[in-house]
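Protein chains: 2
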Amino acid sequence: MSTFLRPRVPDVQNADSAWAICPFCGPHKQCLPPDVLEPYATRLGHISGHRRVARGDYLYRAGDAFTHLHAIRSGDVKTSRVSADGEEQIIGFNMTGDLLGVDAIHDGRHRCNAIALEQSEICTLSFTPLQELFLFMPRLLQHFLQLMAAEIARQQNAIILLGNTRTEQRVAAFVISLASRYLALGYSPTRFRMRMSREEMGCYLGMTNESISRALSNFRRQGVLNVDYRDLEILDIAALRAAAAGLV
Amino acid sequence: MSTFLRPRVPDVQNADSAWAICPFCGPHKQCLPPDVLEPYATRLGHISGHRRVARGDYLYRAGDAFTHLHAIRSGDVKTSRVSADGEEQIIGFNMTGDLLGVDAIHDGRHRCNAIALEQSEICTLSFTPLQELFLFMPRLLQHFLQLMAAEIARQQNAIILLGNTRTEQRVAAFVISLASRYLALGYSPTRFRMRMSREEMGCYLGMTNESISRALSNFRRQGVLNVDYRDLEILDIAALRAAAAGLV
DNA sequence: CGAATGTTTGAAGGTGATCAAATGGGGTGG
DNA sequence: CCACCCCATTTGATCACCTTCAAACATTCG
Chain A
4 MSTFLRPRVP DVQNADSAWA ICPFCGPHKQ CLPPDVLEPY ATRLGHISGH RRVARGDYLY
64 RAGDAFTHLH AIRSGDVKTS RVSADGEEQI IGFNMTGDLL GVDAIHDGRH RCNAIALEQS
124 EICTLSFTPL QELFLFMPRL LQHFLQLMAA EIARQQNAII LLGNTRTEQR VAAFVISLAS
184 RYLALGYSPT RFRMRMSREE MGCYLGMTNE SISRALSNFR RQGVLNVDYR DLEILDIAAL
244 RAAAAGLV
Chain B
4 MSTFLRPRVP DVQNADSAWA ICPFCGPHKQ CLPPDVLEPY ATRLGHISGH RRVARGDYLY
64 RAGDAFTHLH AIRSGDVKTS RVSADGEEQI IGFNMTGDLL GVDAIHDGRH RCNAIALEQS
124 EICTLSFTPL QELFLFMPRL LQHFLQLMAA EIARQQNAII LLGNTRTEQR VAAFVISLAS
184 RYLALGYSPT RFRMRMSREE MGCYLGMTNE SISRALSNFR RQGVLNVDYR DLEILDIAAL
244 RAAAAGLV
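These protein sequence lines are chains A and B, in that order.
Start counting the first sequence at 4; every next residue gets the next number (my numbering).
Start counting the second sequence at 4; every next residue gets the next number (my numbering).
Set out below in structure tokens:
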């Protein structure tokens, strides 16, 4: 990286609140390595806020002017768009550590709704001052670019999933995706509660809630999963992986 | 924007070659407004190169180390990934003005293949020096962020298309997408040649080449399109839009 | 505790995939 | 420049998969 522009952030302690360092994912710090985060914490704290949202609340709506990025500190959120005929179409599910709203950088207007699936804590980041911080903090900028690129890569996976797989394969891949994200957050990857309805899963995966239900039931009959409504346990991860790879 | 970091680029004429200003899309300049581009041209020129590729050539391969971004100066390119079972899965089609490879910023390694659909002219942009330029050129950075966000938005459209539409609707939307991109490039939006095979279209749209062919034939029978192999003419844009909106 | 919503399972029907074959272009080598 | 061959495209027939419609049951939240 360039040596001529080194962060000139004062090395001030800022321990008054955990919220102050939340903009890049708070306690888990998975978005930004601690050694990078530390000197930025103070400045980032100045441009961030936080809110609590209840199940069903909107973080932002399609059409809203884009002013802030939204980071999930805890909880689960879905992002969706509403088509011309008024039907909701889910773009993705997000959980602790995810950063929402970057797509709105394009034209300064949100094109998605972000809706809480349960009570959640949200950090808001004012984007204009963040952009100015980038000029002082090359590693912060680099990190942000990597974040956006990771989002693109994730969406590529979704495109492949939707275009080139059958229902059971798709559901298996989705369950594995959830498991690996819970693992990354330090939760059990084999037992967790799915926060979205079958309807919402189906909307995201391009199938009906009935097909989702049937696929999960099939996996249960095969001894691969233990499904009790939204509680899920992975019994045979190898078989699940095989199903996700299309080896049926 | 910040006033303390204004571009300090020497105002040097740099007219020796059109290639020198190619990094952000050359003659069409659609990526960067001329008044922004002008002062950057010299510096950008220093970090850019160019190549000519023939039909079937790889711009880069999945697994390659990421060093350069690739901008299409002319021609058409497809990006794809190869699944575990060795099948090609097309992520997108790109044409003049598109910037490829941003997804590799995530971990410094390309995850896609980029393959020329026909003879093309490609600009290469060394990413490390570009990152340093960002620190001097806030508007260039802002523009780049907008570019990446636009890519995310485009992929969201693809996800919706794949998940929530039927074949005819999907094909109609694809044709409209091609038309609007040709329009933006100054070409006829109603008569153009499709650069990809039915097979490749199908792979991208999550259907078989036969289904693509049938959908196009149906539109021809209805007087909506004139299809002659890869040559396409839009006869009834209103009907096509209606089909793309799912109003069948 | 009751109503509304979410989930499971069944049966029937439609859409798109698969298999197959004929036709037409385009690229390559002579 | 032409002819050939390979491959893309079109069209048809059959079939599997998933959707649709329907009903029973569980859960959650007021």
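Using N, Cα and C, we set each Cβ at its ideal position, and we do this for glycine too.
Supposed contact pair B/Leu-235 and B/Val-174 - C-beta distance, whole angstroms, cut 8 Å:
Contact flag wrong, Cβ pair sits at about 11 Å.
Just to confirm the assignment, what range does the alpha helix (DSSP H) spanning B/Tyr-207 have?
Membership of B/Tyr-207 in the alpha helix (DSSP H) is indicated by the continuous run 201-208.
Helix, strand or coil, according to DSSP, for A/Phe-69 in the structure here?
The DSSP-derived three-state label of A/Phe-69 is coil.
Straight-line CA distance for B/His-109 to B/Met-197?
Straight-line measurement puts the Cα of B/Met-197 at about 32 Å from the Cα of B/His-109.
For the putative contact between A/Leu-165 and B/Gly-209, defined by C-beta atoms under 8 Å, what is the C-beta separation to the nearest angstrom?
6 Å
Between A/Asp-106 and chain B, is the shortest Cβ-Cβ distance under 8 Å, so that the two count as touching?
yes
For the stretch 114-127 of chain A against the stretch 79-86 of chain A, do three or more pairs of beta-carbon atoms, one drawn from each stretch, fall closer than 8 Å, so that the two count as touching?
yes
Does chain A have any CB closer than 8 Å to the CB of B/Gln-33?
Only weak support exists for where B/Gln-33 lies, its pLDDT of 46 falling under 50; the value from the coordinates is given anyway. Chain A, which has no Cβ nearer than 8 Å to the Cβ of B/Gln-33, makes this no.
Put B/His-113 into one of helix, strand or coil per three-state DSSP.
It is coil, neither helix nor strand.
Given that B/His-71 touches chain A, what residues does it touch there, using C-beta distances under 8 Å?
Correct list: empty, because the minimum Cβ distance to chain A is about 15 Å.
When the Cα atoms are used, what is the spatial distance from A/Ser-77 to A/Glu-124?
5 Å
Neighbouring residues, chain A, relative to B/Gln-122 (Cβ below 7 Å):
Neighbours of B/Gln-122 on chain A: none; closest Cβ ~26 Å, over 7 Å.
Counting pairs of Cβ atoms below 8 Å between the stretch 129-146 of chain B and the stretch 138-150 of chain A, do you hit three or more?
The stretch 129-146 of chain B, when compared against the stretch 138-150 of chain A, does touch it at the 8 Å Cβ threshold.
Would you say A/Met-204 faces chain B, with C-beta separation under 8 Å as the test?
no
Residues of the stretch 146-169 of chain B in Cβ contact with chain A at a cutoff of 7 Å, in chain order, please.
Leu-148, Gln-149, Met-151, Ala-152, Ala-153, Glu-154, Ile-155, Ala-156, Gln-158, Gln-159, Ala-161, Ile-162, Ile-163, Leu-165, Gly-166, Asn-167
If we define contact as Cβ-Cβ less than 8 Å, is A/Asp-88 a contact residue for chain B?
yes
Can you pull the DSSP bridge partners for A/Ile-237?
A/Leu-228
Which chain A residues are close to B/Gly-66, counting only those with a beta carbon under 7 Å from its beta carbon?
Within 7 Å Cβ-Cβ: nothing; B/Gly-66 doesn't reach chain A, min ~14 Å.
Taking Cβ-Cβ distances shorter than 7 Å, what residues in chain A pair up with B/Ile-94?
Gln-159, Ile-162
Nearest-angstrom Cα distance between B/Leu-219 and B/Arg-54?
C-alpha separation (whole angstroms): 35 Å.
Kindly indicate which three-state DSSP category B/Thr-168 falls into: helix, strand or coil?
coil
Could you tell me the distance, in whole angstroms, from the CA atom of B/Tyr-185 to the CA atom of A/Leu-120?
40 Å
Pull up the distance between the alpha-carbon of A/Asp-67 and that of B/Gly-89, whole angstroms please.
If you take the alpha carbons of A/Asp-67 and B/Gly-89, they lie about 43 Å apart.
Boundaries of the alpha helix (DSSP H) in which B/Leu-136 is found, first to last residue:
130-139 is the span of the alpha helix (DSSP H), which, as asked, contains B/Leu-136.
Proximal residues to A/Gly-205 (C-beta, below 6 Å), its chain only, five neighbours per side dropped
Thr-211, Asn-212, Ile-215
Please check the pair B/Ile-94 and A/Gln-172, which I expect to be a contact at CB under 8 Å, by giving their CB distance rounded to whole angstroms.
That belief does not hold up - the Cβ atoms of B/Ile-94 and A/Gln-172 are roughly 18 Å apart, past 8 Å.
Name the chain A residues whose beta carbon is nearer than 8 Å to that of B/Leu-235?
Near B/Leu-235 there are no residues of chain A at all, since even the closest Cβ is about 22 Å away, more than 8 Å.
Helix, strand or coil: how does DSSP classify B/Tyr-190 here?
If DSSP states are grouped into helix, strand and coil, B/Tyr-190 belongs with coil.
By a C-beta neighbour count over all protein chains shown, 10 Å radius and 16 as the cutoff for buried, is B/Thr-168 buried or exposed?
buried
Using a cut-off of 8 Å between C-beta atoms, extract the partners of A/Gly-261 located in chain B.
In the structure as shown, chain A starts at 4 and stops at 251, and residue 261 of chain A therefore has no counterpart that could be examined.
What's the C-alpha gap between A/Ser-180 and A/Asp-101?
14 Å
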